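What follows is one structure encoded as structure tokens, with my remarks underneath.
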Amino acid sequence: MAITVEKPGVDGLNEAVAALRDWQSEGVAWQLHPGDLGWFWRSGAEATAAAVRIWRRDGRILAVGLLDGADLLRLTTAPDVRRDEELARRLADDVIAPEHGVLPSGKVSIEAPMDALLQEVLPGDGWHIDEEPWTPLNRDLTEPVKAPDLRIETIGPDKAPVWAEVIGASFDGSKFTAGKWHTMAAGAPFADARCLLGYDDHGDAIAAVAVWSAGPGKPGILEPMGVHRDHRGHGYGKAITVAAAAALQELGSSSAALGTPSSNVAAVATYESGGFQRLPEVRDLTRDA
């Protein structure tokens, strides 16, 4: 049968999450993780369903994409079909033509596994390798993680306003609210997630992070992590990062992973100080018009 692409609808989101969870393993680019859908879920189940695309063949899910904003498609495939030519050609066809509804016209980018055949098929037709690299980072969790010298709390619904306030004060232009936290927490991926708060010696919440497991023995991710803009420069970023790794270890994750723009030198340094190792840079595929 031919490969088809679909919007899953709210009822089909759990199927996409399950596929992404199943595909996570050590040594395989995590490009799109169940936690990425979990963090996007803050906008609601309907908005998340509208942003997800699923490619199938004979009923089996081969690839899942997330329209992360108006101009970026974050895409991954089942590990065993990364080099499948039929899938690569279908993915390329779907993203080249705006009328297919996967990406709009104009400048757009695709984040896809570096070992996927799509990386070789798509360049041309106006597509090229983006100039701005990203740095993936990873921390192995097979060894015990030493708790940081910072009071850490795993929060529940009652602390959602505090967590939202710290996240909002960590990112310029953030519109995150306690209501969005509750919406995010209602999503299927949150069953494997924890939200942490870090407190200084005065009892003020100064750092926050969400961690997302994909199940025991699989890599987990941090998304997002932030330090309140009024409390930077005291090592809180390192401390909350270590706490995040410890939380993922408690959830059974085999490693902790994240990605950040390589230009954000301070962020890369913070994660490295928290025991994360820098991996080879990756770049998006971009179409300028």
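Position one of the sequence shown corresponds to residue 50 (my numbering), numbered consecutively onward. Cβ atoms here follow ideal geometry from the backbone N, Cα and C, with glycine treated the same way. Source: prediction; values computed, not measured.
Nonlocal neighbours in the same chain, by C-beta distance under 6 Å from residue i, ignoring five residues either side
| i | result |
| --- | --- |
| residue 215 | 254, 257 and 277 |
| residue 161 | 124 and 167 |
| residue 157 | 120 and 336 |
| residue 198 | none |
| residue 244 | 204, 212 and 259 |
| residue 280 | 255 |
| residue 217 | 223 and 225 |
| residue 300 | 262 |
| residue 175 | 336 |
| residue 334 | 159, 171 and 176 |
Rounded distance between the beta-carbons of residue j and residue i, thought under 8 Å
| i | j | result |
| --- | --- | --- |
| residue 186 | residue 320 | 5 Å |
| residue 72 | residue 272 | Between residue 272 and residue 72 the Cβ distance is about 17 Å, and since that is not below 8 Å, they are no contact. |
| residue 225 | residue 234 | Residue 225 to residue 234, Cβ: 13 Å. No contact. |
| residue 52 | residue 102 | That belief does not hold up - the Cβ atoms of residue 52 and residue 102 are roughly 12 Å apart, past 8 Å. |
| residue 305 | residue 188 | 5 Å |
| residue 298 | residue 190 | 5 Å |
Where residue i falls, given that 16 or more other Cβ within 10 Å makes a residue buried
| i | result |
| --- | --- |
| residue 109 | exposed |
| residue 220 | exposed |
| residue 107 | exposed |
| residue 171 | buried |
| residue 132 | exposed |
| residue 163 | exposed |
| residue 314 | exposed |
| residue 369 | It is not possible to answer for residue 369, since the shown part of the chain is limited to 50 through 338. |
| residue 326 | exposed |
| residue 195 | exposed |
| residue 328 | exposed |
| residue 312 | exposed |
| residue 165 | buried |
| residue 74 | exposed |
Cβ shell of residue i (< 7 Å), same chain only, five flanking positions each side left out
| i | result |
| --- | --- |
| residue 58 | 98 |
| residue 261 | 82, 83, 84, 87, 238, 241, 242, 269, 270 and 272 |
| residue 116 | 100 and 122 |
| residue 68 | 110 and 113 |
| residue 78 | 162, 163 and 164 |
Where residue i sits in the DSSP three-state scheme
| i | result |
| --- | --- |
| residue 106 | strand |
| residue 131 | coil |
| residue 291 | helix |
| residue 210 | helix |
| residue 91 | helix |
| residue 71 | helix |
| residue 227 | helix |
| residue 283 | coil |
| residue 99 | helix |
| residue 148 | helix |
| residue 136 | helix |
| residue 192 | coil |
| residue 252 | coil |
| residue 84 | helix |
Cβ shell of residue i (< 8 Å), same chain only, five flanking positions each side left out
| i | result |
| --- | --- |
| residue 93 | 232 |
| residue 10 | Residue 10 lies beyond the stretch modelled for the chain, which goes from 50 to 338, so this question has no answer here. |
Extent of the continuous beta strand (DSSP E) to which residue i belongs
| i | result |
| --- | --- |
| residue 304 | 304–310 |
| residue 159 | 157–160 |
| residue 274 | 269–276 |
| residue 184 | 176–189 |
| residue 331 | 331–336 |
| residue 201 | 200–203 |
N- and C-terminal bounds of the alpha helix (DSSP H) containing residue i
| i | result |
| --- | --- |
| residue 322 | 314–322 |
| residue 77 | No alpha helix (DSSP H) contains residue 77, which DSSP labels as neither H nor E. |
| residue 167 | 167–170 |
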